[in-house]
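There are 2 protein chains.
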Amino acid sequence: MRVILPEIKELISSKKKRPIRKVVSYFEPADIAEIWSELTLDEQLILFNALDIKFAADIFESLKEDQMIEILNTVSVEKKKAVLNEMSPDDRTDLFAILPDEETEKLIPLLDEDEQKRTRELLAYKENTAGGLMTTDYITVPEDVKIGYVFRELRNKAKDIDFIQYIYVVDKMNRLQGTIPLKDLLTTNPQRKVSRIMDTHIISVHLNMDQEDVVHVFEKYDEPSLPVLDKLGRLKGVITVDDVLDVIKEEASEDIYRFGAAGGTDEYLSASPFRVAQKRVIWLIILALAGFISGSVLEHFSFLLSSIVTLSFFIPILMNTSGSAGTQAATVVVRGLATGEIKLSDIWHVIKKEFLIGILMGVVAGVITALRAIILQGDVMLGFTVAIAMIAAIIIATSLGGILPIIFKKLGVDPALMSGPLIATILDTTTLLIYFNVTMLLLWRLQ
Amino acid sequence: MRVILPEIKELISSKKKRPIRKVVSYFEPADIAEIWSELTLDEQLILFNALDIKFAADIFESLKEDQMIEILNTVSVEKKKAVLNEMSPDDRTDLFAILPDEETEKLIPLLDEDEQKRTRELLAYKENTAGGLMTTDYITVPEDVKIGYVFRELRNKAKDIDFIQYIYVVDKMNRLQGTIPLKDLLTTNPQRKVSRIMDTHIISVHLNMDQEDVVHVFEKYDEPSLPVLDKLGRLKGVITVDDVLDVIKEEASEDIYRFGAAGGTDEYLSASPFRVAQKRVIWLIILALAGFISGSVLEHFSFLLSSIVTLSFFIPILMNTSGSAGTQAATVVVRGLATGEIKLSDIWHVIKKEFLIGILMGVVAGVITALRAIILQGDVMLGFTVAIAMIAAIIIATSLGGILPIIFKKLGVDPALMSGPLIATILDTTTLLIYFNVTMLLLWRLQ
Numbered sequence: 227m228r229v230i231l232p233e234i235k236e237l238i239s240s241k242k243k244r245p246i247r248k249v250v251s252y253f254e255p256a257d258i259a260e261i262w263s264e265l266t267l268d269e270q271l272i273l274f275n276a277l278d279i280k281f282a283a284d285i286f287e288s289l290k291e292d293q294m295i296e297i298l299n300t301v302s303v304e305k306k307k308a309v310l311n312e313m314s315p316d317d318r319t320d321l322f323a324i325l326p327d328e329e330t331e332k333l334i335p336l337l338d339e340d341e342q343k344r345t346r347e348l349l350a351y352k353e354n355t356a357g358g359l360m361t362t363d364y365i366t367v368p369e370d371v372k373i374g375y376v377f378r379e380l381r382n383k384a385k386d387i388d389f390i391q392y393i394y395v396v397d398k399m400n401r402l403q404g405t406i407p408l409k410d411l412l413t414t415n416p417q418r419k420v421s422r423i424m425d426t427h428i429i430s431v432h433l434n435m436d437q438e439d440v441v442h443v444f445e446k447y448d449e450p451s452l453p454v455l456d457k458l459g460r461l462k463g464v465i466t467v468d469d470v471l472d473v474i475k476e477e478a479s480e481d482i483y484r485f486g487a488a489g490g491t492d493e494y495l496s497a498s499p500f501r502v503a504q505k506r507v508i509w510l511i512i513l514a515l516a517g518f519i520s521g522s523v524l525e526h527f528s529f530l531l532s533s534i535v536t537l538s539f540f541i542p543i544l545m546n547t548s549g550s551a552g553t554q555a556a557t558v559v560v561r562g563l564a565t566g567e568i569k570l571s572d573i574w575h576v577i578k579k580e581f582l583i584g585i586l587m588g589v590v591a592g593v594i595t596a597l598r599a600i601i602l603q604g605d606v607m608l609g610f611t612v613a614i615a616m617i618a619a620i621i622i623a624t625s626l627g628g629i630l631p632i633i634f635k636k637l638g639v640d641p642a643l644m645s646g647p648l649i650a651t652i653l654d655t656t657t658l659l660i661y662f663n664v665t666m667l668l669l670w671r672l673q
Numbered sequence: 227m228r229v230i231l232p233e234i235k236e237l238i239s240s241k242k243k244r245p246i247r248k249v250v251s252y253f254e255p256a257d258i259a260e261i262w263s264e265l266t267l268d269e270q271l272i273l274f275n276a277l278d279i280k281f282a283a284d285i286f287e288s289l290k291e292d293q294m295i296e297i298l299n300t301v302s303v304e305k306k307k308a309v310l311n312e313m314s315p316d317d318r319t320d321l322f323a324i325l326p327d328e329e330t331e332k333l334i335p336l337l338d339e340d341e342q343k344r345t346r347e348l349l350a351y352k353e354n355t356a357g358g359l360m361t362t363d364y365i366t367v368p369e370d371v372k373i374g375y376v377f378r379e380l381r382n383k384a385k386d387i388d389f390i391q392y393i394y395v396v397d398k399m400n401r402l403q404g405t406i407p408l409k410d411l412l413t414t415n416p417q418r419k420v421s422r423i424m425d426t427h428i429i430s431v432h433l434n435m436d437q438e439d440v441v442h443v444f445e446k447y448d449e450p451s452l453p454v455l456d457k458l459g460r461l462k463g464v465i466t467v468d469d470v471l472d473v474i475k476e477e478a479s480e481d482i483y484r485f486g487a488a489g490g491t492d493e494y495l496s497a498s499p500f501r502v503a504q505k506r507v508i509w510l511i512i513l514a515l516a517g518f519i520s521g522s523v524l525e526h527f528s529f530l531l532s533s534i535v536t537l538s539f540f541i542p543i544l545m546n547t548s549g550s551a552g553t554q555a556a557t558v559v560v561r562g563l564a565t566g567e568i569k570l571s572d573i574w575h576v577i578k579k580e581f582l583i584g585i586l587m588g589v590v591a592g593v594i595t596a597l598r599a600i601i602l603q604g605d606v607m608l609g610f611t612v613a614i615a616m617i618a619a620i621i622i623a624t625s626l627g628g629i630l631p632i633i634f635k636k637l638g639v640d641p642a643l644m645s646g647p648l649i650a651t652i653l654d655t656t657t658l659l660i661y662f663n664v665t666m667l668l669l670w671r672l673q
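Protein chains in written order, with the working numbering: chain W, 227 to 673; chain L, 227 to 673.
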């Protein structure tokens, strides 16, 4: 059902808690969160205070971070306490992680005692690891109980947990021994022992595993959730696939931003132009300074340019085509490294392939450029020279475009930092060097 | 557990079905699929025939498409029949969709009768819509039954379905009336009526919804699965989040490839250089032809270049910096449009912001370039001219980089087609025009 803003606003202005609660409950929390920014702070507070706490917490979890902080700063302590306790542990930890430490220290004491302990434990893990992604909302049972016990556990705890796909069976040291899919429980005699029906094929991730690797495990095994274990095999948490969804999106954005040399991935629309310019200008300065080198190459060969002015007409097309060819190769390799299709050991394969691709594309681009020189300038020798330069420049372009990201990765640097603009800038210099040297060799002496 | 290839190969060479089946069952099907390409076709066949059919089908589903086709072409008809019937309907449909029609027509009759009907129905939906993503493996119950009935249904069908998160309640016309989370079943009296405990807040997607929009619904509501309805509200299928994972990855790759002007997103490592070059060269030709325009601009202003040779030294840096600035802006806007952060209605916001960003970055880049001219060429007036040209060029670059993807989207074209290289090529022309005009205005008359 669609949220109709004017009606909601009118309802809120009535300040009647009952009708507000009733109408809003027809919607999904995520739908209310979506129109949140259209409400004034006063309206947000009336709405927030009118709703029952479970629904309020669900909306709260769907808000943007700055909206959450605004609400936390204005609602009463009791409401704050209720909402924070109601939140799912992983979302709560994410919120605490972005708050200043002294703020977090003020909020943690509002939690129930065991939630406090869990939260401090979760906060200790790095944000971009399995530990930073996992929740502590799941159900464990000892290995020596019967299925009937599991049913009782479920009846006690199922209400507080959003989605349950597996029951986790642990030994006395909390080491994971097996899993029981929820659907299997329904078809099992309550008198059977847990250890007899549990699945001991455990797919798990390690507490310190990087979130990108966690994504790969989820993609490979098509699991809806995975247990997180420490070095001793003890169950520390569970990652559900909806959190992985966010990571994939985030990592893809990060890669794209880096590859476009566009700086960080903060909000764009709400950031000030100064802030955005600040993030981009560092890359622009680096690229401009790198661009000086190609300027110097031009300067070095200016005697050629002044004796054959037509030479300069082909500078943009050469720089452009080689820059594009290099970007194409880098795009494929950067993405392949990110998805895992291309591995570091594939470097020779990539070099060989991009070299051949360079020859094929170079010949096509070379012929086109030669035709331009012959038709517009009527100079066959110039056409030949430009074509040779183009072929050589494109071979270098595809080869470097393919190799440089792999070398970055080998050096432990994010390959996406070998961005399109950076490749293009590097290739400007190599292309000009090739162009002038080919010209010296083939054309200049003939003049 | 890690698959140790030499041991598996030795085991297979023994051709003893029992031990093979036993050892291989310790692993996950996805792990066996991962080493599949390291086995010879003979080894693959021995292994495939040794395994029980459920496990073989699970491995089969995890294989790459060309590996699947190879197996289908070599195993016996009975085995083929068994595996195809065992596969999940959505994966089977994906496989059939890539096979030639006459192949598919040969395979469909191998399926059980009702699977045949379901498969033909699924094949009719477009691949990149909700209908193309959904599976028909789910459990429905009528609205007038009791919970005990649901338990019986589950006992009959749960084995064939990988993950069950919801039971779907439908009316006599198969219209979806409500959902029951599996975990709620466990805590409900079997005598209660389904219609009393079902959740009537239904979040669903429409059969023809584009897969990108399906992803957005999953991201917004954090659901593990969503029902797919037709126009009349009838339940047609269910999409699970693991299929959405693949779509997100696929769509991100597609966007990145397009933005890098790198053609399609087929396999890179296994494709021949000719095939890859073929996909890239079309873009390269388009870009090269567009690059001719900047060559013509240079030609048109060659009188300037021959009278002031130092002018040409700044061509690469100007083209480069404006190209990079435009790519930065386009990166952010293309990604923002893909994730939904930026909407078509934000066009004026984007123009204003990118214009301001252009001024800020233009001044920085202008000062740097002016300093180069003053220090290396000792020419203050040249420095001033180059700086003005740089500022103007970068303002145009960020503005165009921001607007062009939005205009593409408005025209119904994928904004990612406004790629980094294309932006850079367009900006080459504008930058040269700005440069020469500024020079004519400020510098040339003074000489």
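Built from N, CA and C at the ideal position, the CB exists for glycine as well. On a predicted model such as this, the values are computed, not experimentally measured, just so you know.
query, result
"Evaluate the contact criterion for the stretch 535-546 of chain L versus the stretch 507-519 of chain W: three or more CB pairs, one atom per stretch, below 8 Å.", "yes"
"Count the other C-beta atoms from every protein chain shown that fall within 10 angstroms of the C-beta of M666/L, then say buried if there are 16 or more, exposed otherwise.", "exposed"
"Quick one: list the residues of chain L neighbouring H427/W, beta-carbon separation under 8 Å, in chain order.", "Y252, E254"
"Is the beta carbon of P647/L closer than 7 Å to that of S550/W?", "yes"
"Count the other CB atoms, across all protein chains shown, that sit within 10 Å of the CB of P685/W; report buried if there are 16 or more and exposed otherwise.", "No answer is possible for residue 685/W: it lies beyond the span of chain W, which begins at 227 and ends at 673."
"Rounded to whole angstroms, what is the Cα-Cα separation between A282/W and F274/W?", "6 Å"
"Rounded to the nearest angstrom, what separates T584/W and Q504/L at their Cα positions?", "Here residue 584/W turns out to be Gly, not Thr, going by the sequence shown. G584/W and Q504/L: Cα-Cα distance of roughly 11 Å."
"Which of the three DSSP states is assigned to V367/W in this structure?", "strand"
"For I573/W, tell me which candidate among I508/W, G627/W, T426/W has the shortest Cα-Cα distance.", "G627/W"
"In whole angstroms, what separates the C-alpha of S198/L from that of K578/W?", "Residue 198/L lies beyond the stretch modelled for chain L, which goes from 227 to 673, so this question has no answer here."
"Between the stretch 461-486 of chain L and chain W, which residues of the former have CB atoms less than 8 Å from a CB of the latter, in chain order?", "T466, V467, D468, V470, L471, D472, I474, K475, A478, S479, D481, I482, Y483, F485, G486"
"Between the stretch 347-354 of chain W and the stretch 370-381 of chain W, do at least 3 Cβ pairs fall closer than 8 Å?", "no"
"Quick check on G486/W: does DSSP put it in helix, strand or coil?", "coil"
"Given that a residue counts as buried once 16 or more other Cβ atoms are within 10 Å of its Cβ, and exposed if not, what is E236/W?", "exposed"
"Give me the subset of the stretch 317-346 of chain L whose CB atoms are less than 9 Å from a CB atom of chain W, sorted by chain position.", "none"
"Pairs of beta-carbons, one from the stretch 629-639 of chain L and one from the stretch 595-613 of chain L, closer than 8 Å: are there three or more?", "no"
"Does the stretch 254-265 of chain L come close enough to the stretch 280-295 of chain L that 3 or more CB-CB pairs lie under 8 Å?", "yes"
"In chain order, what residues of the same chain lie with their CB nearer than 7 Å to the CB of E341/W, ignoring the 5 residues before and after it?", "N311"
"Would P172/W and T362/W be called neighbours here (beta carbons separated by less than 7 Å)?", "What is shown of chain W runs 227 to 673, which leaves residue 172/W out entirely."
"Is it true that the CB of N400/W sits closer than 7 Å to the CB of L452/W?", "no"
"Return the Cβ separation of V431/W and V470/W in integer angstroms, given the expectation that the two are a contact with Cβ distance under 8 Å.", "Actually they do not touch by this definition, with Cβ atoms about 11 Å apart."
"What residues of chain L sit near S239/W, judged by a beta carbon separation below 7 Å?", "Within chain L, no residue comes near S239/W; the closest Cβ sits about 26 Å away, beyond 7 Å."
"Establish whether the CB of A613/W and some CB of chain L are separated by less than 7 Å.", "no"
"Please tell me whether V523/L and L653/L are closer than 7 Å, where the distance is taken between their beta carbons.", "no"
"Is the stretch 476-486 of chain L close to the stretch 467-483 of chain W, with three or more CB pairs under 8 Å?", "yes"
"For the beta strand (DSSP E) that contains P453/L, what are its first and last residues?", "451-455"
"Is it the case that the Cβ atoms of I428/L and T414/L are separated by a distance below 7 Å?", "no"
"Counting only Cβ pairs nearer than 9 Å, list the residues of chain W close to N546/L.", "L513, A514, A516, G517, S520, M545, G549, P647, A650, T651, D654"
"Show which residues of chain L have a CB atom less than 7 Å away from the CB atom of G562/W.", "Y494"
"Between the Cα of V576/L and the Cα atoms of M587/L, G562/L, T426/L, A613/L, which residue gives the shortest distance?", "G562/L"
"Quickly, what does DSSP pair M402/L with across the bridge? List them, please.", "One point to set straight first is that residue 402/L is Leu, not Met, in the sequence displayed. Its beta-bridge partners are V396/L."
"For a minimum of 4 consecutive residues, which ranges assigned as the alpha helix (DSSP H) are wholly contained in the stretch 507-566 of chain L?", "528-533, 536-539, 541-565"
"Relative to the C-alpha of G588/L, which candidate in G609/L, S571/L, A623/L has its C-alpha closest?", "A623/L"
"Report the three-state DSSP secondary structure of V464/L (helix, strand or coil).", "strand"
"Going by Cα to Cα distance, which pick from L433/L, Y447/L, G404/L, V420/L is closest to T426/L?", "G404/L"
"Check the Cβ-Cβ distances between D448/L and every residue of chain W, and say whether any is below 7 Å.", "yes"
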